[in-house]
Amino acid sequence: MKGVIGKLVDSQQMAFIKGRQIMDAVLIANEAVDSRDKKKKPGILCRLDIEKAYDHVNWRYLMKVLEMMGFGQKWLKWMEQCISTVCFSVLVNGSPTGFFQSYRGLRQGDPLSPFLFLIAMEGLNNMIKTAKLRGWIKGFEVAREGIDSLEVTHLQYADDTLIFCDAEEDQLKHLRLILVLFEGVTGLHINWRKSLMYPINVVNNMSWLATILGGKVGTLPATYLGLPLGAKSMSIDIWNNVIEKCEKKLARWKTQYLSMGGRLTLINSVLNALPTYMMSLFPIPPRVTKRLDSIRRKFLWQGNKEKKRFHLVKWKSVITGKKNGGLGIKNLNLQSKALQMKWLWKYANGNQLLWERVIEAKYIPEDKWMTKEVTTPYGVSLWRSIRNLWDEVKNNSKVKVFYGRKTMFWKDNWHEKGSLEELFPDVYNLVTFQQGFIADLWTLQGWNFNFRRHLNDWEVQRVVDFLNTVEPFNGLQTGKDVLWWTRNNRGVYTVSRAYKLMDQTNQQIKNWPWKQIWKSRIPYKVSCFVWLLAKEAALTQDNVMKRGITLCSRCFLCGEILENVNHLFLHCKYTQQLWRIFLSHKGISWTMPGKVSKALKSWEEAGVLAKNRGRWRLIPASIWWAIWKERNSRCFESIENSVQKVKLNCILLLCFWCNQLYSNDIVSIIDVLDSI
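Read in order, the letters of the sequence shown correspond to residues 13 to 688 in the numbering used here.
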């Protein structure tokens, strides 16, 4: 069923079918509303709510539709058995009361039910299409002036149905008749208390028209499939719901004490994901980005503390990748662009889906790959902001030629060296067929070029160079030409790769120890702490004093010089004693680097065997964690521990991590030292 459902169900249905997605319907609906709005012609958008959709499907109707679609008798019997032999039981006071059979409806949770329901809804689709052909209902035209009309009459996502029509009494009467017949045949019922009618432009008799159909009058903008419908695409207000969701999540999390590692995990897994659905279609305004960044930044550094705390690292650095010195938090502006660019790649490799036909009809095609740049006001339309990103897609793609009917020989980037028009502008000016496709210029004997005039002597060599460049061509093949994404081996556009491509800070920092920080398998909160040390951003005395707070300028452990990250964790006499435990045990002579970031990088190369490298990586973090706890104990609690106790705490911590990560047979300190 899954393999053939796309051929059985019309293009207006977007649910559960491979190649179609929920956002297709939102894009089409907004483009249709935008077209009607800009034409200043009154119209009505009806949103129907079907009551208990799965529970009311008439079996006889469903079997008849399946039969009309060409399913054989054997298949029909299978389907009938699947839906009619189900038994139910009701629990009364916690005890079952026997089983009974149903006589209509589809089971919730059955993997077959969604496809059968789409087939049931196909009845409404065919009735509306018939009404359109007979002139009873007229949808919203999205085509340009002088172009063959393309009307959007209705859209469906499972049971969620939109119907577009003129604000005329006769059309609504016909629509009412269609819906009554649909209810009678299928067993499905329209819930008129929840169904809404939205006027487009000025509709003087809207209340009277609503009584004809039976629905309530609504106002745009509204929400359709979780996204705005009929709203200005560049509006800030449409993002209020996303901001509120983020703030609600934070209110729940703030009741718990979370480490920086826990907060970072929630930001990357939840807060980054909340705007994604919206950003896939709507451009995110700078003010919204600023607000969401403020929410994420405040939660990262303050957690559940209402009192303002120091933001230790610049946000610009935080939202870079972990390989580049950041925390991997997404840059929302770039993420939004990367998500929207996927629409352009899909359009260029079009499969004649409904949304592609709507865009092609509404906007002037520039070539076989893309529409022209949109210059009309943004309005409700979403395509203008998406189309503005075409250069980014085009510059990172090339055309892979098969049949050659879609690829322009001179202008498209199909040759490995680039566009031939740009490579050989002088030869381009000499030929007669400048707009030709590859299929027009290729023959069984090779390339066929016609020149405007006889070549001058100085032009001959240039033409020879051109012919040598295009000569290694394998000929035409079966299949349509495709836009090949050059940033991976499969040629398929990926959001993650496009994001990295646009991130100007994504140049990997030389010798940045990202593996030692994030791949050491230490607790995540410790990894975040080590990251702060590598950034020299931990709140040692020098960093506190930089923020205008006067403190004692001496190291809490040795009491000799100003406390800073590199002194406290590398060069302090107190800390050096912990380093010597492991270095002397292995007989390694190691020159202490000047910075924590360099120490992490050189520690891994300090002579340990590859098989023990995982355990070896744990040592710096265990030393620094023990030192930091001792330093804070002296600073905030005035409790000093002997260096022997701190050594023991460090080794016990290392022992615990080794047991958790590698094996449970390490039972003594000697085992710990021998295993590294």
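Just so it is clear, CB atoms sit at the ideal spot from N, CA and C, and this is done for glycine as well.
Query, Result
"Return the CA-CA distance between Thr231 and Val608, expressed in angstroms with no decimal places.", "60 angstroms"
"Rounded to the nearest angstrom, what separates Val300 and Ser565 at their Cα positions?", "42 angstroms"
"Here's the rule: buried if 16 or more other CB atoms are within 10 angstroms of the residue's CB, otherwise exposed. What is Gly151?", "buried"
"Is it buried or exposed for Tyr115, if we count other Cβ within 10 angstroms and need 16 for buried?", "exposed"
"Given this structure, state the Cα-to-Cα distance separating Leu304 from Lys412, to the nearest angstrom.", "40 angstroms"
"Going by beta carbon distance, what residues of the same chain come within less than 7 angstroms of Ala451, once the five residues before and after it are set aside?", "Tyr415, Gly416, Arg417 and Leu488"
"In the structure shown, what three-state DSSP assignment does Met10 receive?", "With the chain covering 13 to 688 only, the question about residue 10 has no answer from this structure."
"Given this structure, state the Cα-to-Cα distance separating Phe111 from Leu74, to the nearest angstrom.", "25 angstroms"
"Could you give the DSSP three-state label for Tyr586: helix, strand or coil?", "helix"
"Please name the residue in Leu276, Leu193 and Glu43 whose C-alpha comes closest to that of Phe176.", "Glu43"
"Counting beta carbon pairs with one atom in the stretch 86-95 and one in the stretch 193-210, are three or more of them shorter than 8 angstroms?", "no"
"Taking the alpha helix (DSSP H) that Cys94 belongs to, which residues open and close that run?", "Gln85 to Ser96"
"I'd like the ranges of any beta strand (DSSP E) spanning at least 3 consecutive residues and lying wholly in the stretch 199-237.", "208-212 and 234-236"
"Which class does Glu163 belong to by DSSP, given the choice of helix, strand or coil?", "strand"
"Which runs of the alpha helix (DSSP H) at least 4 residues long sit entirely within the stretch 294-371? Give them in chain order.", "298-314, 327-330 and 344-360"
"Thinking C-beta only, is Gly391 closer than 8 angstroms to Asp46?", "yes"
"Could you give the distance in angstroms between the alpha-carbon of Pro326 and the alpha-carbon of Val282?", "Pro is not the amino acid found at residue 326; the sequence shown has Lys there. C-alpha separation (whole angstroms): 22 angstroms."
"Any idea if Asn462 is buried or exposed, counting beta-carbon neighbours within 10 angstroms, 16 or more meaning buried?", "exposed"
"Got a sec? Which residues, its chain only, sit under 6 angstroms from Lys423 by beta carbon, not counting five neighbours each side?", "Glu433"
"Give the single residue among Lys328, Leu351 and Ile651 whose Cα lies nearest to the Cα of Met341.", "At residue 341 the sequence reads Ile, which differs from the Met that was named. The shortest Cα separation from Ile341 among Lys328, Leu351 and Ile651 belongs to Lys328."
"Would you tell me roughly how many angstroms separate the C-alpha atoms of Leu351 and Arg509, rounded to the nearest one?", "11 angstroms"
"Which of the three DSSP states is assigned to Cys662 in this structure?", "helix"
"Among Trp71, Lys206 and Lys244, which one has its Cα closest to the Cα of Gly226?", "Lys206"
"Alpha carbon to alpha carbon, how far is Glu172 from Asn408?", "Residue 172 is actually Asp in this sequence, not Glu. Taking the straight line from one Cα to the other gives about 38 angstroms."
"Could you have a look at Gly55 and say whether DSSP puts it in helix, strand or coil?", "strand"
"Note down, one range per segment and in chain order, each alpha helix (DSSP H) of at least 4 residues found wholly within the stretch 611-646.", "none"
"Using a threshold of 8 angstroms, state whether the C-beta atoms of Cys58 and Leu145 are closer than that.", "no"
"In whole angstroms, give me the CA-to-CA distance for Leu78 and Lys185.", "29 angstroms"
"List the DSSP bridge partners of Pro108.", "Leu103"
"Please give me, in chain order, every unbroken run of the beta strand (DSSP E) with length at least 3 that falls completely inside the stretch 423-507.", "494-497"
"Going by C-alpha to C-alpha distance, which of Trp636, Ile593, Met420 and Asp49 sits closest to Leu582?", "Trp636"
"I need the boundaries of the alpha helix (DSSP H) containing Cys540, first residue and last residue.", "Tyr536 to Ala546"
"Do the stretch 624-643 and the stretch 663-673 meet, that is, are 3 or more Cβ pairs less than 8 angstroms apart?", "yes"
"Check whether the Cβ atoms of Phe129 and Ala65 sit closer than 8 angstroms, and answer yes or no.", "yes"
"How close, in whole Å, do the beta carbons of Ala179 and Leu208 come, if the pair is a contact with beta carbons under 8 angstroms?", "Their Cβ separation, rounded to whole angstroms, is 15 angstroms, which puts Ala179 and Leu208 out of contact at 8 angstroms."
"Could you have a look at Pro126 and say whether DSSP puts it in helix, strand or coil?", "helix"
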